[in-house]
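Chemist:
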Amino acid sequence: ENIATVDGTGLVTALVPGTVTVTATTNDGGFTSSSVITVEAAPIPVTGIAVTPDAATVTEGGILQLTAAVEPSDADDAGVIWSSDDESVATVDGSGLVTALVPGTATVTATTNDGSFTSSSIITVEAAPVPVTGIAVTPDVATVTEGDILQLTAAVEPSDADDAGVIWTSDDENIATVDGSGLVTALVPGTVTVTATTNDGGFTSTSEISVLPRLDRVGSWSEPIPFGIVPVAVANLPDGRLVVWSSKYKDYFGGADGFTYTELFDPFMGPNGMPLGEKSTSTNHDMFCPGINNLPNGMILVTGGSSNAKATLYDYSTETWIATDNMNIGRGYQGSVTLSDGSVMVIGGSWSGGLAPQGEKIAELWRQETGWKVLPGLRSDILFNQNDLDFEEEGVYRADNHSWLWAAPNGKVFHAGPSEDMHWIDVAANGSFEFAGKRSNDTYSMKGTTVMFDVGKILKVGGATSYASGDAAKDNSYVIDINDENNVTVTPTVNNLQYSRTMHNSVVLPDGKVLVTGGLSTARVFTDEGARLNGELYDPETNTWSVVAGMQVPRTYHSVSILQADGRVFVGGGGLCVTCSNHLDAEIYSPGYLFDSDGNLAERPVISAPEAADYNSTIVVNGSAGIQEFSFIKMSSSTHSTNNEQRRIPLTFSGNGTYTLNVPDRNLLPPGYYMLFAIGANGTPSIAESVLVGVPTVLVEEVLVSPSYVDMQSGEIQLLEASIFPNNAEDQTVVWSSNDNSVASVDSNGVVTAVASGTAVILATSGDGRSMASANIIVDGGCTLSNVALGGMAIQSSVYGNGLASLAVDGNRVGGTPHSNSQGIADLQHTQEETSPWWQIDLGSSYFLEELLIYNRTDKLQSRLRDFHVFVSNTPFSTQESLQDLLENSNISDYYFAGSASLEETIELRTDGRFIRIQLSDNGILHMSEVEILGCIIGNSLCEGTTPVTISQSGPYLDSDDLQTLIGSPSGGTWSLASSDGTFDPSIGPGTYTVSYTYDNGEGCVQTAAENIIVKAACDGVPPIEISSFGPYLDTNQVQELTANPSGGTWSGASTDGTFDPGIGPGIYTVTYTYDNGLGCVQTESIEIKVISLDEECNLSNIAIGGTSTQSSTYGDGLASLAINGSTVGSSPNSNSSGSANLQHTLEEESPWWQVDLGSLYTLGNLKIHNRSNGFESRLNFFYVLVSPTPFPDGSGLGDLLSDGEVESYYFSG
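Every letter in the sequence shown is one number past the one before it in UniProt numbering, and letter 794, counting from 1, is 794.
1. Is there a C-beta anywhere in chain B that falls below 9 Å from the one on residue 236?
2. Which whole-angstrom value describes the C-beta separation of residue 112 and residue 70, a residue pair presumed to lie in contact below a C-beta threshold of 8 Å?
3. Return helix, strand or coil for residue 795, following the three-state DSSP convention.
4. How do the region 583–595 and the region 219–228 stand: do at least 3 beta-carbon pairs fall below 8 Å, yes or no?
5. Distance check for residue 760 and residue 773, CA to CA, integer angstroms please.
6. Where DSSP assigns a beta bridge to residue 640, which residues make up the other side?
7. Starting from residue 885, follow the beta strand (DSSP E) in both directions and report where the run begins and ends.
8. When you compare only the Cα positions, how much space is there between residue 975 and residue 995?
9. Ignore the nearest five residues each way along the sequence and tell me which others in residue 88's own chain have a CB closer than 7 Å to its CB.
10. Can you give me the Cβ contacts of residue 1022 inside the same chain, cut-off strictly under 8 Å, excluding the 5 residues immediately before and after it?
11. Determine the direct distance from the alpha carbon of residue 170 to that of residue 177, and round the result to whole angstroms.
12. When the distance is taken between beta carbons, is residue 916 closer than 9 Å to residue 870?
13. Classify residue 1218: buried if its beta carbon has 16 or more other beta carbons within 10 angstroms, exposed otherwise.
14. Distance check for residue 550 and residue 180, CA to CA, integer angstroms please.
15. Cα separation between residue 710 and residue 987?
16. Could you tell me the boundaries of the alpha helix (DSSP H) in which residue 215 lies?
17. Hey, residue 335 and residue 298 are a contact pair by Cβ (cut 8 Å); roughly how many whole angstroms apart?
18. For the pair the region 561–577 and the region 187–205, tell me if three or more CB-CB distances fall below 8 Å.
19. I think residue 499 touches residue 534, with their Cβ atoms under 8 Å apart; what is that distance to the nearest whole Å?
20. Which ranges would you report for the beta strand (DSSP E) in the region 361–411 if only whole runs of at least 3 residues count?
21. Looking only at its own chain, which residues have a Cβ that is under 6 Å from the Cβ of residue 35, when we skip the five neighbours before and after it?
22. Which partner residues does residue 730 have in the DSSP bridge list?
23. Among the residues of its own chain, which have a CB less than 7 Å from the CB of residue 822, if the five just before and after it don't count?
24. Which runs of the beta strand (DSSP E) fall wholly inside the region 589–668 and span at least 3 residues, in chain order?
25. Nearest-angstrom Cα distance between residue 805 and residue 691?
26. In the DSSP assignment, find the beta strand (DSSP E) that holds residue 1199 and state where it starts and stops.
27. Check residue 505 in the structure and name its three-state DSSP category.
28. Straight-line CA distance for residue 342 to residue 301?
29. How is residue 715 classed by DSSP in three states: helix, strand or coil?
30. Nearest by alpha-carbon distance to residue 650: which of 674, 639, 658, 636 is it?
31. Considering residue 790, what are the terminal residues of the beta strand (DSSP E) in which it resides?
32. Can you tell me the Cα-Cα spacing of residue 84 and residue 74, whole angstroms?
33. Where in the region 538–567 do unbroken runs of the beta strand (DSSP E), each at least 3 residues long, occur, reported from the N-terminal end onward?
34. Counting C-beta neighbours from all protein chains within 10 Å, is the total for residue 1250 16 or more, i.e. buried, or is it exposed?
35. Out of 109, 246, 258, 1203, state which residue places its alpha-carbon closest to the alpha-carbon of residue 1150.
36. For residue 1129, I'd like the list of residues in its chain whose CB is within less than 8 Å of its CB, leaving aside the five on either flank, ordered along the chain.
Structural data, given as structure tokens:
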């Protein structure tokens, strides 16, 4: 009953859960029946519900778990049903998990199963946030000038991302900084990476920023300018242009003689200048590796090189190259410098013309008026010492190359290197030198550079301890101050170069700074590996270096640089070989002074200057106001990293707007053309004015001695007076000497002392040794024999090499060569091989002649002196008289020597005379080491104290010159030989003519003077006219343009305007071209042009195919037949994996040829050549096409074929 009770009616009352059996028992019988009652627990009803959270915000696409708490917690039925009142906004599943669909608000309700109690949650669905997916910074690469700013932009992706914030950073804030907005501030040159990083996601993007130095600090470069050649050498011209050249080839070198490719460059054409097209010279001088000088008259002198003894002049006014006197000593890579007197000195140069281990490349001195003079006191081994040789693996072959020579303020030459030793050089007399000290601690620095940037201050830069043996380049530099001859100082620069260099170039700028360009890190030739592209700038005010802008093209071995008149710098070339990179181009550097701080072109001052200036004077220059500085920079020339001509000399001045400039002396400004620059307050230079500064020193032309004849008694003294002509000659020094001091001596003032009975000749020699005069002294009426040939004036019929006539009376009896001997001096006279060559001398007075001694050549060629005549006369020989004329002249004494002369021969004369000629009787060569004539003066006391007779004339003349008036002094005498009335007509033609003038004072003194007058052809040295025509033509051809060089002449004959019309019909027509150079040379050249007619049935076709071809030689597999195999494209004479040989190819040789036999006679319309197609096209140049009806003879040379009347020739000039 604890579980359930039952009443009398059977009503069971369940009390507690459990099981109970309820039994019914009958009263009657006690029958029972039971019911098993299970009492279950009573159900717990739901009384309420609570949903949490009751409000929430969910991002669209997100989910949220709601929780429903049924009350009581033990309610029998805790089940609920979830629902959303807006399932478009949010849905809810049976577990209460809400899914947010779109922004909005939805009420989510939970309803109990038991009792339907409800509870809700207000769900706010928010839009989903936009995340950052990336970032891009623009620009991603940029350049900015130091000190400037640059705004970078960061684009966050997507553009509507919720968090677009970024953080900016720089990886090197020493170079550039960046602020929070992406604004970059450039601080110093360099490269920096600026990064933008997103707040959301940490995405990054960068910009590579190159900070450039300011243009006004580092300058800028032009694009490369193509040339037709590799500019290996360059020179300034007075008209502002440059002339450059390579070698006998445009892009490589080799051989000795020939021509040279040259090209003019005009800096003022176009924005960066323009090359004017390559040409070739006609002087047979390959001017590769030469010495170069800018002469006082603006001409360029080029010496030696591949053609090691040759010398050539360039005349900028006519654009012509002119051969001049050969040097005595062949040389290449020599040092050369123009001196304060206008002469040129060269020394060294073992690269060409033979080695000089004992200093055989002796210095030489040149003036255009006098030619070359060897300076035996200046041997080339002063250019190096043993330490230098220990460094230089190639020995003297390199050690005496490219010497640094500078005309110094003391009038001497300063040798600054490349040796570690420095020297003072004096070119007076035979030349001498003094040690000037070591170049501080600097060692041998071959292929370094020097430049005079201020008065007596030379900057030495870089180099290496070998020419090309792979040694590391130097980065050192020194300032050499040579203003005090007795205290040369060498001061290192504060800092070294940033880039070590050898084979570079240095140029002084108008502001005194020095620009160094190009070069290599090691001493190697024909390579660009290790090339230095950045320039560096030396500032003398701070004695420091800084790096400037870099060029595009490596400028290494065989490159050049030079200052232009516009203040910019020409830098070009490099290469010149078959296998290396050839740089047939140049770049123009604009220094920083041409720009303002914004990088724009700065305002330049303008000046107007006179065309010429003299030394120790003033010139007036008009110009812009406020000019701060003026300077002269000498027009110069450069090759192989050597330029001894450039120098900058600042000028003192006064005024403003109109300026008075003070011009210093010739020791600071060797005569020549200079660029006058003015610098404004902003530091920018003007465009230069070309000014001719000074003239060469005036040379002595003649020495006169008075009296020229004196009778004296023993013990007497006599003052002789010497006059130098012209009287403005720079060197007025006279050196006195006697040929016999036992008879009469003379002191340094010309005071003669009679010593003993006899005759003596007193010589007065000019200080430069080029001129002399004599006075004859008779003591006590005696006659003693002495060599009266000394001091005489010698001439000869022709000259071979350097074998001048004067060498036979120079006092040297031993001679073996007309060229340079071991002492560097020609030591015998030598004519060309010709008919009856002759040598003669004017003794200056009449002498009694006892005998003539001839000292023959001493090197086994004595037999050439044979079968000769000795003629003696009291009147001059005419150079026009033949041998037969002389033999038939009864007033001339003749002494004949039969057979071959031995080493010494004596010919007894025993006659009197003044003029002696030695002449071969037949064709041959005349050479003698020395001629001595023993005699004594024939006295005439009636002439004592009288003025000697002289002839004045201003020759040599051109054969186009007008009639000339000669002046005889004293006046009133008579003329003979080439002049009978005191006039001379040069139109007689080229040659040497003797005029004689005799004066009788009426008191018994009769004196005669003679002069040789030289007449040159007006066209000497002028290149011949060249007419280019490609005939014959067909009568159906169009009008043809004819070309001639030089241009500007006149046409006549079948062309009057330089055109030719083949339509004139078949035939041979003569065209004539005449050119007048305005200097007396009028040249005429004619050509014949053939016109042919084709039959109407003749159809032009290639008839070469099927012909038989041959050639002078074969290189590789380049057979002659490959030129007529029908293939017009060819690149190689070799068979390789890429295919067969496809062009004909000869060896490198003299005048190589290719020819074809067409098999039959044809009418030829034209010839077409398809050139090689892989970069060597320039090898096919300056060739002839020869056409003949018969085979070309075997062994015939080009000259033979050109002179063969059956052979038609067509010349291709280019």
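We put the beta carbon where it would ideally sit given N, CA and C, even for glycine.
Modeler: With the structure as the only source:
1. Absent here is chain B; the protein component of the structure consists of one chain.
2. Contact between residue 112 and residue 70 holds, with the beta-carbon distance rounding to 6 Å and staying under 8 Å.
3. strand
4. yes
5. 14 Å
6. Paired residue(s): none; residue 640 is not in a bridge.
7. Residue 885 -> not in any beta strand (DSSP E); alpha helix (DSSP H) instead, spanning 883–888.
8. Taking the straight line joining both Cα atoms gives about 7 Å.
9. Excluding five sequence positions before and after residue 88, the CB atoms of its chain that fall closer than 7 Å to its own CB belong to 101, 102, given in chain order.
10. 320, 322, 1077, 1081, 1083
11. 6 Å
12. For residue 870 and residue 916, yes; Cβs fall inside 9 Å.
13. One cannot answer for residue 1218 here, as it falls past the ends of the chain, which runs 1 to 1214.
14. 34 Å
15. 41 Å
16. 215–218
17. Not really, about 22 Å apart at Cβ, beyond 8 Å.
18. no
19. 6 Å
20. 364–367, 371–374, 404–407
21. 22
22. Per DSSP, none; premise fails for residue 730.
23. Confidence at residue 822 is low in this model, with a pLDDT of 49, below 50, so the placement of that residue should be treated as unreliable; the coordinate-derived value is given next. Closer than 7 Å at the Cβ level, and outside the excluded window around residue 822, lie 360.
24. Along the length of the region 589–668, whole beta strand (DSSP E) runs at least 3 residues long occupy 617–623, 629–634, 637–639, 648–651, 653–656, 658–663, reported in chain order.
25. 40 Å
26. Per DSSP, residue 1199 belongs to no beta strand (DSSP E); it is in the alpha helix (DSSP H), 1198–1202.
27. Under the three-state reduction of DSSP output, residue 505 falls in the strand class.
28. 12 Å
29. coil
30. 674
31. It is not in any beta strand (DSSP E) - residue 790 carries neither H nor E in the DSSP assignment.
32. 27 Å
33. With a minimum length of 3 residues, the continuous beta strand (DSSP E) runs that stay inside the region 538–567 are 544–550, 559–563.
34. Residue coverage of the chain in this structure runs from 1 to 1214, which leaves residue 1250 outside it and unanswerable.
35. 258
36. 1142, 1170, 1173
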